[in-house]
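**Q**
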Ligand code: NAD
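And the structure:
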């Protein structure tokens, strides 16, 4: 069970539903997705071969608003994973208090094996097949693993052709030139910093001088490191899929990124053997990074990296889950026992979907906000929601912040459901 994401999601739902007395009929609705769509995508490849790809979309529930969630292109995409991801999107949208339900989808394909023409045609065909099931007020997809703003722009173009009207609000995560929002690139990392600062305030701690280790130095990892460092925290370690670096006196995320881009690897930015380019530091493994003696640990790469095998060795007092699902259920229990505070993914990384909502809103209302406007709205929203999660935790004594976030999300859904949707 531990690693079957759909069973994990269902268990989580059942547990919290019981704690908050969720009406059985609503629990039954949320226990399964509203709709699962599978489409066949036959394609003529560049070499003349005909290949049939499978595409799908899971629409979990739309009680709060249109289904919302990404499209991933991956050879191992499986239905249980996508169902779980759609459920988690429902919870994330509800906890961050935006008027969206949850969805997820994708194509079983390795996009790295496709030419640009094949990728574009496959994406446009997918948009044609999904056209009757998606729409600005029905279901609003977005990028996910191995999809990007360019792919979203192709799909919007195709959808707009079908409905006979330019419809940017059908998909978010578009390039700026195709109706994307300012600030989306930084949003998830920046949002995570707002959530952390707000949580630290509740815990009566100042961020100044706190040490932090960040696993993953991609979009999310880089921006969270940058914003935490700008707020006076000491980023002592970062890592990517190959390796990590530990710099006791703290590293500069921006210089580290520039250096990594130039050299191609992280450790070259601090020390290789006796040669130190920027500062003093040492190479570490990803496992070592998780167990460093830091105040805050930020997993920002993959799921299931903190398990029952290493949870007992975690020294951080606070874990900010920027990746989706980095802690297994068993590890979660162990961490709670050791008084480690876990700020859950559905809250910590919700800055991304919150800004997707801002993009949709701007498209629907034909507005263009500046980056400053987007960041101010994001900060207000995430501070409000973090406070609400803490208040919910207090109300249901002995709940973890994760359980409190789910309880809050389900309560919001229940409120809307009662009103008749
Ligand atoms: P990304 O592809 O930009 O970066 C991923 C990083 O993880 C890279 O630095 C990569 O080298 C590193 N990595 C890969 N395998 C690793 C391993 N085995 N050990 C350590 N590091 C490894 O992806 P991202 O957009 O930064 O997403 C990171 C996480 O955040 C994912 O779990 C994603 O689902 C989640 N997330 C992202 C967003 C968003 O807006 N980008 C929103 C919500 C959640």
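In our numbering, the protein residues as written are 633 to 1053.
For each residue, glycine too, the CB sits at the ideal point set by N, CA and C.
Following the continuous beta strand (DSSP E) through residue 847, name the residue where it begins and the one where it ends.
**A** It spans 843-847 - the beta strand (DSSP E) in which residue 847 sits, taken as one unbroken run.
**Q** By DSSP, does residue 892 sit in helix, in strand, or in coil?
**A** DSSP places residue 892 in helix when its eight states are reduced to three.
**Q** Is it buried or exposed for residue 641, if we count other Cβ within 10 angstroms and need 16 for buried?
**A** Its Cβ being crowded by 16 or more others within 10 Å, residue 641 is buried.
**Q** Indicate whether residue 741 and residue 707 have their beta-carbon atoms separated by less than 9 angstroms.
**A** In this structure, residue 707 lies closer than 9 angstroms to residue 741 by Cβ.
**Q** Smallest Cα separation from residue 1033: which of 748, 834 and 865?
**A** Considering only alpha carbons, the answer is 834.
**Q** Verify the contact flag: residue 825, CB atom, against every heavy atom of the ligand NAD, threshold strictly below 8 angstroms.
**A** Residue 825 Cβ: outside cutoff for every heavy atom of the ligand NAD.
**Q** Assuming residue 689 contacts residue 735 under a Cβ cut-off of 8 angstroms, what Cβ separation, rounded to an integer in Å, is found between them?
**A** About 7 angstroms; that satisfies the 8 angstroms criterion.
**Q** Short of 6 angstroms in beta carbon distance, which residues of its chain neighbour residue 666, apart from the five on each side in sequence? Order them along the chain.
**A** Once the five neighbours on either side are set aside, the close Cβ partners of residue 666 are 691 and 693.
**Q** Report back the beta-carbon spacing between residue 754 and residue 675 to the nearest angstrom; my notes put them in contact at under 8 angstroms.
**A** That belief holds up - the Cβ atoms of residue 754 and residue 675 are roughly 6 angstroms apart, short of 8 angstroms.
**Q** What does DSSP give as the partner residue(s) for residue 684 in the beta ladder?
**A** Answer by DSSP bridge pairing, in chain order: 674.
**Q** With 9 angstroms as the threshold, decide whether the Cβ of residue 796 is near any Cβ in chain C.
**A** Reference to chain C is not applicable here, since this structure consists of a single protein chain.
**Q** So is the beta-carbon of residue 694 under 8 angstroms away from any non-hydrogen atom of the ligand NAD?
**A** The answer is no for residue 694.
**Q** What does the shell around the ligand NAD hold, if a residue joins when its beta-carbon is under 6 angstroms from any heavy atom?
**A** Qualifying residues come out as 820, 847, 848, 849, 850, 851, 852, 853, 871, 872, 873, 918, 932, 933, 934, 954, 955, 956, 981 and 984.
**Q** Return yes when the C-beta of residue 875 is under 8 angstroms from any heavy atom of the ligand ADP, and no when it is not.
**A** Looking for the ligand ADP in the displayed structure turns up nothing; the ligands present are the ligand NAD.
**Q** Looking at the secondary structure, which residues open and close the beta strand (DSSP E) in which residue 700 lies?
**A** Start and end: 699-705.
**Q** When the Cα of residue 699 is compared with those of 838, 709 and 726, which residue comes out closest?
**A** Here the closest residue by C-alpha is 726.
**Q** Name, in chain order, the residues that DSSP records as bridge partners for residue 878.
**A** According to DSSP, which records beta bridges pairwise, residue 878 is partnered with 869 and 914.
**Q** Cα-Cα, which of 745, 1023 and 668 is closest to residue 679?
**A** Of 745, 1023 and 668, the residue nearest in Cα terms is 745.
**Q** Got a sec? Which residues, its chain only, sit under 6 angstroms from residue 933 by beta carbon, not counting five neighbours each side?
**A** So the list reads 847, 848 and 955, once near-sequence residues are dropped.
**Q** Locate the beta strand (DSSP E) running through residue 973, then write down its first and last residues.
**A** Where residue 973 is concerned, the enclosing beta strand (DSSP E) stretches over 973-975.
**Q** Alpha carbon to alpha carbon, how far is residue 898 from residue 885?
**A** When rounded, the distance between both Cα atoms is 11 angstroms.
**Q** From residue 683 to residue 677, what distance separates their C-alpha atoms?
**A** Their backbone Cα atoms lie some 7 angstroms apart in a straight line.
**Q** Counting only the same chain and skipping the five closest in sequence on each side, list residues whose C-beta sits under 7 angstroms from that of residue 856.
**A** Result list for residue 856: 821, 824, 825, 846, 930, 932 and 954, in chain order.
**Q** Could you check the C-alpha separation between residue 900 and residue 924 for me, to the nearest Å?
**A** Rounded to the nearest angstrom, the two C-alpha atoms are 21 angstroms apart.
**Q** For residue 981, which three-state DSSP category applies?
**A** Note: residue 981 maps to coil in three-state DSSP.
**Q** Give every residue of the same chain whose Cβ lies closer than 7 angstroms to the Cβ of residue 991, excluding the five residues on either side of it in the sequence, and list them in chain order.
**A** Contacts found: 804, 812, 813 and 816.
**Q** Kindly indicate which residue of 697, 671, 800 and 731 has the alpha-carbon position closest to the one of residue 738.
**A** The option with the nearest alpha carbon to residue 738 is 671.
**Q** Can you have a look at residue 778 and say buried or exposed, based on whether 16 or more other CB atoms are within 10 angstroms of its CB?
**A** Result: buried.
**Q** Skipping 5 residues on each side, what residues in its chain have a beta carbon closer than 7 angstroms to that of residue 765?
**A** Closer than 7 angstroms at the Cβ level, and outside the excluded window around residue 765, lie 669, 689 and 771.
**Q** Can you grab the Cα-Cα spacing for the pair residue 663 / residue 996, in whole Å?
**A** Answer to the nearest angstrom: the Cα atoms are 31 angstroms apart.
**Q** Rounded to whole angstroms, what is the Cα-Cα separation between residue 875 and residue 921?
**A** Cα to Cα, residue 875 sits roughly 9 angstroms from residue 921.
**Q** Assuming residue 1039 contacts residue 652 (C-beta within less than 8 angstroms), just tell me the rounded distance between them.
**A** Confirmed, Cβ separation roughly 5 angstroms.
**Q** Does the separation of the CB atoms of residue 1046 and residue 654 fall below 9 angstroms?
**A** A contact, by the Cβ cut-off of 9 angstroms.
**Q** Can you check which of these residues, 713, 722 and 709, is closest to residue 645 by C-alpha distance?
**A** For residue 645, the nearest C-alpha among the options comes from 722.
**Q** Within a Cβ cutoff of 7 angstroms, which residues of the same chain sit near residue 785, ignoring the five residues on either side of it in sequence?
**A** Contacts found: 806, 807 and 810.
**Q** Return the residue from the list 832, 873, 839 and 702 that minimises the CA-CA distance to residue 850.
**A** It is 873 whose Cα lies nearest to the Cα of residue 850.
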